[in-house]
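Worksheet: one structure, shown below.
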Amino acid sequence: MRFTAAVSSILYCVLLLIAGSDAFSTTRSTPTRTATQQPSSVLFSSVFNEEAEKHGGTLDRRSLFQTAAAATFSAAALSVPEWILSPSVASATTVTPSKVVVAGATGQTGRRVLERLAAQPGLSVIAGVRNVEKANDALQKESTVIRGAMVQKVASVDTSAVELKHLDVVKDSVDQLAATLEGADSLVIATGFVPSNPLKMNEAAHQVDNLGTKALVDAAKKAGVKKVVMVSSILTNGRNWGQEKSPGFVVTNAFGNVLDEKLEAELYLRKSGLDYTIVRPGGLKAKPPTGPLVISGEDTLNAGEISRDLVADVCVASLSDPKASNKVLEIIEGEEGGPQVFNGLSM
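For the sequence shown, the residue numbers in mature numbering (1 follows the signal peptide of the UniProt record, and there is no 0) are -23 to -1, 1 to 324.
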């Protein structure tokens, strides 16, 4: 028994090191290149310079996020929601959210989504967290997170425009979750289990990424939520399109069969009758984006990495852009300086 536990622990440590490397970057299905535009790095630079000149050489927090969103989605061939650029003027085809709940708001992606939403005037933002006091403290402090071979610096989040509410997808009942979601028209699900005990990974992934997400979907329906954006992963459906032995699938799914668990939750959401957008990013990195955003259709990407900043931008835009309605978006970053890729998606 002790030998088995020791071997499991060693294997777990090895997997953590691999996960922090380029497991998602070894091979990639090459998307059909249908559009060539400015690389996002160039576009960001030019747009920021133009906007800064308009503001006397500086950009405040709100202008910064509005400009970033505009640059990101212009580069990605996605329309920028009017409520991001000009909140007082809503497009006739744009669904304007009024109250958004972010589940998993203290996570590395969730906190970025939270920050972007909080910058939108007139929008009520709720951070769903397990412990309100600890979360408030954690969000307002800069910190360093070490996961395997990855060392991530985490910026603080201004929570002055955010309401923190208790939300635990494992311990709360559907009724309790629905009470937290009451009055919200939109929900971003950015929850995900964090590997810790190698002997309990399967149970943790099942409880959080599968059952927990399903409970949130049920709660959303009960609370009258209209739109759900779920952060998932590329290769969740890898078994069904010949990717079961790909490095990205093997390494990622070794952590509690998490891709299989996420797939069940995805299917549950898709059958719920709710308006959904499932965002499937590649390997997540904390650093700002260096390459252009690649948006591809369902079950087309088997490798690649992406900045959490871009993932958060896509999630925020998906809340209000009708082109993202009932879609699965697979996203990664392209090579620095490379052309935009917009593959296999009718948007």
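Each residue gets a CB set at the ideal place from its N, CA and C atoms; glycine is no exception.
Buried or exposed for residue i, going by 16 or more other Cβ atoms inside 10 Å?
i, result
"Asn214", "buried"
"Gln117", "exposed"
"Glu310", "buried"
"Pro98", "exposed"
"Asp290", "buried"
"Gly219", "exposed"
"Leu306", "buried"
"Glu119", "exposed"
"Asn174", "exposed"
"Leu236", "buried"
Grouping DSSP H, G and I as helix and E and B as strand, with all else coil, what is residue i?
i, result
"Lys239", "helix"
"Asp149", "coil"
"Val202", "coil"
"Pro269", "coil"
"Lys262", "strand"
"Gly311", "coil"
"Glu275", "coil"
"Ser163", "strand"
"Leu20", "The predicted model places Leu20 with a pLDDT of 31, which falls under 50 and marks its position as unreliable; any figure quoted below should be read in that light. Here Leu20 sits in helix by DSSP."
"Ala156", "helix"
"Leu184", "With the sequence shown as reference, residue 184 is identified as Gln, and Leu is not the correct amino acid for it. The answer is helix: DSSP assigns Gln184 an H, G or I state."
"Lys111", "helix"
"Pro74", "coil"
"Leu212", "coil"
"Glu92", "helix"
"Leu296", "coil"
"Lys177", "coil"
"Pro87", "In the sequence on display, residue 87 carries Gly and not Pro. Helix."
"Asn217", "helix"
Could you pull out every residue in the same chain whose Cβ sits closer than 6 Å to the Cβ of residue i, ignoring the five residues on either side in sequence?
i, result
"Leu164", "Val78, Ala197, Val202, Val205"
"Gly254", "For the record, residue 254 in the displayed sequence is Thr; it is not Gly. Closer than 6 Å at Cβ, skipping near neighbours: Val206, Ser295, Ala301, Lys304."
"Arg107", "Asp145"
Run through the DSSP bridge pairs and tell me what residue i is partnered with.
i, result
"Ala104", "Val79, Leu141"
"Asp252", "Lys204"
"Pro172", "DSSP, once it has assigned bridges, lists no residue as partnering Pro172."
"Pro98", "Its beta-bridge partners do not exist; DSSP assigns none."
"Leu306", "Val256"
"Ile283", "Leu261"
Can you find the residues in the same chain that come closer than 7 Å, C-beta to C-beta, to residue i, ignoring five residues on each side of it along the sequence?
i, result
"Leu158", "Val78, Leu164, Ala196, Ala197, Ala200, Val202"
"Lys239", "Asp186, Ser209, Ser210, Thr213"
"Asn113", "Thr136, Leu141"
"Val147", "Gln184, Val185, Gly189"
Going along the chain, which residues of its own chain have a beta-carbon closer than 8 Å to the beta-carbon of residue i, five neighbours each way excluded?
i, result
"Pro265", "Ser284, Asp286"
"Asn217", "Asp276"
"Asn179", "Gly233, Asn234"
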